[in-house]
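For the sequence shown, position 56 matches number 77 in my numbering, and the numbering has no gaps at all.
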Amino acid sequence: MRKGKQTMKRAASAAMAAVCGGALLAGCGSGSSGTTSAAATAAAATTAAGSTAAQTTTAANDKPYAGTTLTWWTKLNGNVSAEYQNLGDTPWAQYVEEQTGIHIEFQHPTQGHEDEDFAVMTASGDYPDIIEYTWTKYSGGAGAAIDDGVIISLDDIMKKGGTPNLSKLLSDNPEIDKMIKTSNGEHYCFPFLRGTKTPNETQFSSGFIYRADILEQLGLDAPETPDEWETVLKAYKDAGFDVPFTTRKEWMKDVWSPGFDNWGDFYVEDGVVKNGLIEDSRKDLITWLNKMYTEGLIDNDYLVADKKSNQTYFTTGKSAVVYAPFGQGMGDYSKIMQEQDPSFTSDNIQCAVPVTSTKGKNAKFSKMNNIYDQSGTSAAISTDCKNQEAAAWLLDWMFSDEGDLVNNYGIEGKTYEMVDGKPTYTDFVLNNPDGKSVSVILAGYTRASTSGTCVQDEGYIEQYYSQDNQKKALKTSMKTDMGKHFFPPTSVAAEDQEEYAQIMGQVNTLVSEMEAQFISGNTSMDEWDSYQQQLKDFGIEKAIQMMQKAYDKYMQN
């Protein structure tokens, strides 16, 4: 049974109070939760009539909802905000409006406080027509968002033929069809997808980036196993690199754990749900990281490390290895170091395979992205939308041939040309005359690069990573079996949600605190067994059972 909106408002108000309590200084509920484009402001006077304009306007068959105005809530990507105040001001948005006849008023949460602003919005009970959000994070899952009266099930619209492009995509790819359903089997969103088949190159975006020129001088091969990495990092340190390895604080354990066949989260093995936090291999990982930390081979300040410090350490010669993205990391590092030294080439920077427990074999796990996962947002239609058919048509257009082109390549004649039947980026993108980066240009003219509602095309990623070392990195990073072990994009049953959240809240807090203490040596590894018992006392084994039940139900859909 669906909850009424008043019930939803009461429930969401409690949630908002909790969020605002922890984020008061961040401006929660301060009125700064959204920005509106200049174009949207100018069109405000026609908004009220816009929702029904499709019924009164004579439109061409390819623009059945011409004259309609829809509101769309989505986060503003940093690469977009570098040039534009609102997504509606971008060439991408203007092109979409021109081709569809639908005016879109984009609303943006405050950057860095998206979750808090989402809580404020849902608590208010007043929703924009379209909400783009990471629905797999919604408390209770996307099904709860439908039951709470926030978004609608798409099933009725789909059955009436209102989403021909999305429906064909799902028919052709039944595994994706399963991914964007609730635990009760209802379709709920127009997704952001990293391709349609796995594995594919759009699922890989980061890796172990190292100074290949120095490694060659040292007479060493690219490492694969933890033991080989220890040898290499020691050699780099002896060669004068003060901090041989660094990465962002949230990545330090995940990038090394595959070397011990460990994954610090829920995963699936032969249909059985497991969690590596309580497996013996976890101790092996943390013991090794403690050794690397003690010997000064990994960044002792990793708990405050971020992409900015990573770039500084690598490009100034303080670090020889960094786990970083292939675009903002490898691509930018190469350019910066070439500017510092014209004789430096991108070949001096390469990417190693995901660390593995057995040399020559694929890593069991890695930081590979699922086709549909928690790294991207997807669009849903809210219960407040007065023209749900128009919203569905617009979002479905994103999966049409025309939508696919603009979302991945931008505008023909400006950002791409057709060459031998394939869309090919122009120099405006790859060698911008104003010196703008590829990522900033694509953020304004496309959506594939900023996790918008669309299907990322492999041709996009192959051209985005234009350097030879980036192309090699893509191939190298695919040496993993992570795709066999993903926990699917689903959530525990509604009746388990409250207890599950309590259990995992305690577990995650303890893991974050204690594993940092073990790695730094502030807590002896002699306390490991006590730590593991506390995780079990908190109920992690019961949480695994709940996730097994969720997985089994997902597989039955």
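Just so you know, even glycine gets a beta-carbon here, dropped at the ideal spot from N, CA and C. For clarity, every value in this text was computed on a predicted model and none was experimentally measured.
Pairwise C-alpha distance: residue j and residue i
{"i": "Arg-303", "j": "Thr-544", "result": "16 Å"}
{"i": "Phe-583", "j": "Thr-223", "result": "Here the chain covers residues 22 to 578 and nothing more, so residue 583 does not appear."}
{"i": "Lys-328", "j": "Asp-353", "result": "11 Å"}
{"i": "Trp-113", "j": "Thr-467", "result": "6 Å"}
{"i": "Asn-578", "j": "Phe-335", "result": "47 Å"}
{"i": "Ile-167", "j": "Leu-187", "result": "20 Å"}
{"i": "Thr-131", "j": "Ala-384", "result": "38 Å"}
{"i": "Met-419", "j": "Val-459", "result": "22 Å"}
{"i": "Lys-563", "j": "Val-294", "result": "12 Å"}
{"i": "Ser-472", "j": "Asn-428", "result": "10 Å"}
{"i": "Val-376", "j": "Asp-263", "result": "22 Å"}
{"i": "Phe-386", "j": "Thr-121", "result": "42 Å"}
{"i": "Lys-492", "j": "Gln-371", "result": "10 Å"}
{"i": "Gly-504", "j": "Asp-425", "result": "25 Å"}
{"i": "His-134", "j": "Leu-241", "result": "45 Å"}
{"i": "Phe-559", "j": "Asp-83", "result": "57 Å"}
{"i": "Asn-205", "j": "Trp-250", "result": "46 Å"}
{"i": "Leu-318", "j": "Lys-258", "result": "7 Å"}
{"i": "Ser-51", "j": "Asp-248", "result": "For Ser-51, the pLDDT reaches just 33, beneath the cut-off of 50, and the residue's location in the model is therefore unreliable, leaving the point undetermined."}
{"i": "Val-450", "j": "Glu-536", "result": "43 Å"}
{"i": "Leu-415", "j": "Thr-143", "result": "23 Å"}
{"i": "Lys-274", "j": "Lys-435", "result": "42 Å"}
Beta carbon of residue i nearer than 8 Å to that of residue j
{"i": "Tyr-231", "j": "Ala-345", "result": "no"}
{"i": "Tyr-575", "j": "Thr-511", "result": "yes"}
{"i": "Thr-183", "j": "Thr-404", "result": "It is worth fixing the name first, because residue 183 is Gly in this sequence and not Thr. Against a cut-off of 8 Å, the Cβ pair of Thr-404 and Gly-183 comes out as no contact."}
{"i": "Tyr-314", "j": "Ile-540", "result": "yes"}
{"i": "Thr-92", "j": "Pro-185", "result": "no"}
{"i": "Ile-201", "j": "Tyr-209", "result": "yes"}
{"i": "Asn-296", "j": "Ile-561", "result": "yes"}
{"i": "Gln-554", "j": "Leu-531", "result": "no"}
{"i": "Leu-306", "j": "Trp-277", "result": "yes"}
{"i": "Tyr-15", "j": "Phe-347", "result": "Here the chain has residues from 22 to 578 only, and residue 15 is not among them."}
{"i": "Asp-502", "j": "Met-567", "result": "no"}
{"i": "Phe-211", "j": "Asp-417", "result": "yes"}
{"i": "Asn-100", "j": "Ala-571", "result": "no"}
{"i": "Ala-401", "j": "Gly-161", "result": "no"}
{"i": "His-129", "j": "Lys-158", "result": "no"}
{"i": "Glu-118", "j": "Thr-474", "result": "no"}
{"i": "Glu-410", "j": "Ile-151", "result": "no"}
{"i": "Ile-357", "j": "Tyr-116", "result": "no"}
{"i": "Thr-366", "j": "Asp-320", "result": "no"}
{"i": "Leu-236", "j": "Ala-243", "result": "yes"}
Endpoints, beta strand (DSSP E) assigned at residue i
{"i": "Arg-232", "result": "227 to 232"}
{"i": "Val-450", "result": "Note, Val-450: premise wrong, no beta strand (DSSP E); alpha helix (DSSP H) at 448 to 451."}
{"i": "Ala-345", "result": "342 to 346"}
{"i": "Ile-152", "result": "151 to 154"}
{"i": "Asn-266", "result": "The amino acid at residue 266 is misidentified as Asn; the sequence shows Phe. Here the beta strand (DSSP E) through Phe-266 covers 266 to 268."}
Extent of the continuous alpha helix (DSSP H) to which residue i belongs
{"i": "Ala-163", "result": "163 to 168"}
{"i": "Lys-328", "result": "328 to 336"}
{"i": "Ser-399", "result": "Per DSSP, Ser-399 belongs to no alpha helix (DSSP H); it is in the beta strand (DSSP E), 399 to 402."}
{"i": "Thr-497", "result": "489 to 498"}
{"i": "Ile-462", "result": "459 to 466"}
{"i": "Glu-271", "result": "Glu-271 -> no alpha helix (DSSP H), and no H or E assigned at all."}
{"i": "Ala-260", "result": "Element bounds for Ala-260: n/a, residue is neither H nor E."}
{"i": "Lys-574", "result": "561 to 577"}
{"i": "Glu-245", "result": "Note, Glu-245: premise wrong, no alpha helix (DSSP H); not H, not E."}
{"i": "Glu-548", "result": "Where Glu-548 is concerned, there is no enclosing alpha helix (DSSP H), given that its DSSP letter is neither H nor E."}
{"i": "Gln-224", "result": "Looking at the DSSP string, Gln-224 is not in any alpha helix (DSSP H), and its letter there is neither H nor E."}
{"i": "Gln-361", "result": "353 to 361"}
{"i": "Asn-100", "result": "99 to 102"}
{"i": "Pro-185", "result": "185 to 193"}
Identified DSSP bridge partners for residue i
{"i": "Asn-296", "result": "Phe-287"}
{"i": "Glu-534", "result": "Answer is none; Glu-534 lacks a bridge partner."}
{"i": "His-208", "result": "Lys-202"}
{"i": "His-124", "result": "Thr-90"}
{"i": "Cys-372", "result": "Ile-230"}
{"i": "Asn-475", "result": "The sequence shown places Cys at residue 475, not Asn. Looking at the DSSP assignment, Cys-475 forms a beta bridge with Phe-213."}
{"i": "Tyr-437", "result": "Glu-433, Tyr-446"}
{"i": "Thr-501", "result": "Ala-384"}
{"i": "Ile-319", "result": "Phe-266"}
{"i": "Ile-172", "result": "Ser-403"}
Nearest-angstrom Cβ-Cβ length linking residue i and residue j, presumed shorter than 8 Å
{"i": "Ile-392", "j": "Leu-214", "result": "6 Å"}
{"i": "Thr-219", "j": "Thr-398", "result": "Contact flag wrong, Cβ pair sits at about 20 Å."}
{"i": "Ala-413", "j": "Phe-229", "result": "That belief does not hold up - the Cβ atoms of Ala-413 and Phe-229 are roughly 43 Å apart, past 8 Å."}
{"i": "Tyr-86", "j": "Ile-123", "result": "6 Å"}
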